[in-house]
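Chain order of the listed sequences is A and B.
By the count of the numbering used here, the first sequence reaches residue 346 at its end, each step adding exactly one.
By the count of the numbering used here, the second sequence reaches residue 346 at its end, each step adding exactly one.
For glycine and all other residues, C-beta sits at the position ideal for the given N, C-alpha and C.
Since the structure is predicted, the reported quantities are computational estimates derived from the model, not experimental observations.
Some notes on the structure that comes next.
Number of protein chains: 2
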Amino acid sequence: MPATLESTLVSAPLPSVRRLPRYLVFLKECRNLGRVVVSCTHIAEYLALDPTLVRKDLALTGIVGKPRIGYPVDELIASIETFLGWNNTSDAFLVGVGHLGKALLGFREFEARGLRIVAAFDADPARVGTSVHGREVLPMEKLANLVERMHIHIGIITVPRDAAQQVADALVKAGIRAIWNFTITSLHVPEGIVVENADLTPSLAALSSRLKAALETAEERRMLV
Amino acid sequence: MPATLESTLVSAPLPSVRRLPRYLVFLKECRNLGRVVVSCTHIAEYLALDPTLVRKDLALTGIVGKPRIGYPVDELIASIETFLGWNNTSDAFLVGVGHLGKALLGFREFEARGLRIVAAFDADPARVGTSVHGREVLPMEKLANLVERMHIHIGIITVPRDAAQQVADALVKAGIRAIWNFTITSLHVPEGIVVENADLTPSLAALSSRLKAALETAEERRMLV
DNA sequence: TAGATTGTTAATCGATTAACAATC
DNA sequence: TAGATTGTTAATCGATTAACAATC
């Protein structure tokens, strides 16, 4: 296989990609305050990161800074947003209109971040036909046909975890290319299909673990005094 | 400073901690199927991970396996749940009763994972006094007093991002020790206060980046044929 | 100019993977 | 016993941090 193919198999380093949206918050604040240029030093200080790390992250997006000056704020914002694809919107389907599914359908911010949830599906006949934040809930039977007809690439799974694999199978069979999985279930999908897990449980586990360590440290410190 | 203090400053490796809940899903499936023992090989295969990685993660929880046999399923489940603190529940306050805040208040699963959201607060007078999933929404003025009286350690922030820092300040001042931050805002808190970020935007950015790479790879592969 | 900042190369660090002896 | 699996030590890998020349 030629090297060019191999080279595109990997996306940009994911830790870097995940930091980019946080830079944008700070940069837009700078813009609001009328700042014209900003340095990695300032960004890094605000986000409690290493300046070199920020510099490498920004370089990923293709921007070139000026030594001693920094980066033009407007240009940097545009560069990051283009890199993240926040300019051209992707359409997505959502499956499972429970508490979380409804909340996601209500997030207007997604559209400014390149994601438009254009349809919602549910297996529960009682939910089908109802309207959630202006979108009618459709029956699962319509999923496959609509994915193909509307060239949908992204499926969002917000069903109970026991149903997640089954829904993933249906989405993949219908031709979806990426799944945003809000269940803790580890999905099995064919090679080449992207699964991004967004279930909250791992984050909660990390929170508990860190809190426990912090409380123990504080307790020990107290005992030493 | 003595070495013992230093040693407790760090929690367990967070990547490991984040994987533990996913092991539990598989283990409980095993239990339901009547399996008595399970090996790292099986867990790793199911979750598409390296067996050694799984073994080290499990060792973190203190369990000891039997060569050639594996681990007793029941014991392993108990070991992980104890390690994660899913047995003894922590009380938490939630601030910001919008779409997401309401959805979180509706998640009954949190209680089985050691988190009980005991009260909700909002700055909007129109929301104060209403009831969400059986909990009355309280005014921000009551926050500080109740945190202290109820010995609350965890604050959940689900307000609009512009209000996040202000809410974090109020929580910290009231004596909270850990913040589960559902906004993209990078919070500034005193040393020793834990901030776990759970905003969806970084995950969405990773999804987009990976999808883009996957589509490009597929396209290149198509061109080569 | 002087010096803050960029871009880049090298060193470090931590997590993952490989290797292998011990063992039920 | 034979061999699958554990626990552990060593090697690898990737991300972060340090060092430093180039430069506006």
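Inter-residue spacing [alpha-carbon to alpha-carbon] between residue i and residue j
{"i": "A:G250", "j": "B:H274", "result": "43 Å"}
{"i": "B:V239", "j": "B:D212", "result": "6 Å"}
{"i": "A:A319", "j": "B:R139", "result": "12 Å"}
{"i": "B:S128", "j": "A:F204", "result": "At B:S128, the pLDDT of 43 sits below 50, so the modelled position is not reliable; the number obtained from the coordinates is stated separately. If I take the Cα positions, the gap works out to 41 Å."}
{"i": "A:V288", "j": "B:A165", "result": "23 Å"}
{"i": "A:S137", "j": "A:W207", "result": "16 Å"}
{"i": "A:A180", "j": "B:E232", "result": "43 Å"}
{"i": "B:C151", "j": "A:M344", "result": "44 Å"}
{"i": "A:I190", "j": "A:I198", "result": "16 Å"}
{"i": "B:A291", "j": "A:P260", "result": "45 Å"}
{"i": "B:F303", "j": "B:V346", "result": "45 Å"}
{"i": "A:E317", "j": "B:P134", "result": "21 Å"}
{"i": "B:R176", "j": "A:D178", "result": "33 Å"}
{"i": "B:L225", "j": "A:G255", "result": "22 Å"}
{"i": "B:P323", "j": "A:V310", "result": "22 Å"}
{"i": "A:I277", "j": "B:A285", "result": "27 Å"}
{"i": "B:S252", "j": "A:A299", "result": "37 Å"}
{"i": "B:E202", "j": "B:L141", "result": "9 Å"}
{"i": "B:S160", "j": "A:V131", "result": "31 Å"}
{"i": "B:V194", "j": "B:P246", "result": "50 Å"}
{"i": "A:L126", "j": "A:I297", "result": "For A:L126, the pLDDT reaches just 40, beneath the cut-off of 50, and the residue's location in the model is therefore unreliable, although a value from the coordinates is still provided. Distance between the alpha carbons of A:L126 and A:I297: 22 Å."}
{"i": "B:H272", "j": "A:H272", "result": "52 Å"}
Reference residue i; option with closest CA among the options
{"i": "A:G222", "options": "A:G313, A:E257, A:A339, A:V194", "result": "A:E257"}
{"i": "A:H220", "options": "A:A199, A:A233, A:G235, A:R248", "result": "A:R248"}
{"i": "B:N266", "options": "B:A284, B:P281, B:V293", "result": "B:V293"}
{"i": "B:E196", "options": "B:T304, B:V158, B:G313, B:T322", "result": "B:V158"}
{"i": "B:K263", "options": "B:A295, B:R237, B:D283", "result": "B:A295"}
{"i": "A:R156", "options": "A:A133, A:R176, A:Y192", "result": "A:Y192"}
{"i": "B:L321", "options": "A:R229, A:T162, A:V310", "result": "A:R229"}
{"i": "B:T210", "options": "B:E202, B:L236, B:V194", "result": "B:L236"}
Proximity of residue i and residue j at Cβ, strictly below 7 Å
{"i": "B:G217", "j": "B:V280", "result": "yes"}
{"i": "B:S200", "j": "A:R143", "result": "no"}
{"i": "A:L328", "j": "B:W301", "result": "yes"}
{"i": "A:G313", "j": "B:A334", "result": "no"}
{"i": "A:R331", "j": "B:V268", "result": "no"}
{"i": "B:M234", "j": "A:L154", "result": "Met is not the amino acid found at residue 234 of chain B; the sequence shown has Arg there. Cβ distance not < 7 Å, so B:R234 and A:L154 don't count as in contact."}
{"i": "A:L215", "j": "A:A241", "result": "yes"}
{"i": "A:P172", "j": "A:T162", "result": "yes"}
{"i": "B:R270", "j": "B:I305", "result": "no"}
**OP:** Mind checking the segment 289-320 of chain A against chain B and listing, in chain order, the residues whose C-beta falls within less than 7 Å of any C-beta there?
**Re:** Residues R298, A299, W301, I305, T306, S307, G313, V315, E317, A319.
Original post:
Going along the chain, which residues of the segment 131-142 of chain B sit with their C-beta nearer than 8 Å to a C-beta in chain A?
Top reply: V131, S132, A133, L135, V138, R139, R140, L141, P142
Original post:
Below 8 Å, can you find three or more Cβ-Cβ pairs linking the segment 144-151 of chain A to the segment 168-186 of chain A?
Top reply: yes
**OP:** Count the CB pairs spanning the segment 330-340 of chain A and the segment 178-188 of chain B that are closer than 8 Å, and state whether there are at least three.
**Re:** no
**OP:** Give the residues from the segment 251-280 of chain A that approach chain B closer than 8 Å (Cβ to any Cβ), ordered along the chain.
**Re:** H274, I275
**OP:** Check each residue of the segment 324-340 of chain A: if its Cβ is closer than 7 Å to any Cβ of chain B, include it; give the result in chain order.
**Re:** Flagged, chain order: S324, L325, A326, A327, L328, S329, S330, R331, L332, K333, A334, A335, L336, E337, T338, A339.
Original post:
When Cβ atoms are compared, which residues of the segment 150-166 of chain A fall closer than 8 Å to chain B?
Top reply: Using a CB distance below 8 Å, no part of the segment 150-166 of chain A faces chain B.
Original post:
Listed in chain order, which residues of the segment 172-183 of chain B have Cβ atoms closer than 9 Å to some Cβ of chain A?
Top reply: Of all residues in the segment 172-183 of chain B, none has a Cβ within less than 9 Å of some Cβ in chain A.
Original post:
Closer than 8 Å, Cβ to any Cβ of chain A: which residues of the segment 203-224 of chain B, in chain order?
Top reply: L205, G206, S211, H220, L221, K223, A224
Subject >> Near-chain A residues of the segment 236-249 of chain B - C-beta to any C-beta below 7 Å >> reply: L236
Subject >> Residues in the segment 184-202 of chain B having any Cβ partner in chain A nearer than 8 Å >> reply: none
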